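Counting in the working numbering, the sequence shown runs from 20 upward without gaps.
First the structure, in the form of structure tokens, and then the observations on it.
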Amino acid sequence: MNDGNIPEVSEFGSVDPAPPSNEKDVETLKQVLNDETERMFVRMRAVFALRNIGGKEAVEALCSGFSSASALLRHELAYVLGQMQDSRALPALNRRLEDLDEHVMVRHEAAEAMGAIGNRNSREILNRFLNDPSVEVAESCEVALDLLNHHQTINE
Ligand SMILES: [Fe+2]
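Right, here's the structure in full:
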């Protein structure tokens, strides 16, 4: 608890750019997240509420937001999917990294999320974009691969 002036630290240890919505219904949150007429602050509140709810339906709802017109929102989606460490997000994250027309900020965050999720199956795609013309994407793939290797080493 705090006095309302200090942003709350989430259970993920991050201070979110928008506090999670109080709404608990995944379908309602998904609609808010995908509402292109809604304010970005409100859409982000739906994103963080879905992250906190977690599970298959929440992951699917968040992944549905990748068709959003806002690169900022797509970037935020990749970030929270990394925080959730749920491998069910990997197909959608792979598509963001592979899409050369995607904004570099989103591709970079998709690669970092793969490192955070920690599934060794991500090695192939991360290696594939290790020499991406975008240095931010290439460096993110390198960091993600190092994180995967780091976790594998300490778990052996
Ligand atoms: Fe980022």
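Note that CB positions come from ideal geometry on N, CA and C, so glycine has one too.
Note that the structure is predicted; figures quoted are calculated from it, not measured.
query	result
Under 8 angstroms between C-beta atoms of Pro35 and Phe67	This sequence places Asp at residue 35; Pro is not what is there. Yes, these two residues count as a Cβ contact at 8 angstroms.
Ile144 to Glu46 span [Cα, whole Å]	31 angstroms
Cys82 versus Leu91: straight-line alpha-carbon distance, rounded	14 angstroms
Any non-hydrogen atom of ligand 1 closer than 7 angstroms to His127 Cβ	yes
Proximity test, His170 beta-carbon vs ligand 1 heavy atom, cut-off 7 angstroms	no
Close Cβ partners of Glu131 (< 7 angstroms) along its chain, the five nearest in sequence each way excluded	Gly101, Ser159, Val162, Ala163
Given Ile136 as reference, the closest of Leu119, Leu69, Asn168 once Cα atoms are compared	Asn168
Which listed residue (Phe85, Phe31, Asp120, Glu95) has its alpha carbon closest to that of Pro110	Phe85
Sequence-distant residues of its chain with Cβ nearer than 8 angstroms to Ser40 (five each side left out)	Leu48, Val51, Val61, Arg64, Ala65, Phe67, Ala68
Closest Cα partner of Glu117 within the set Met103, Ser153, Ser87, Glu95	Ser153
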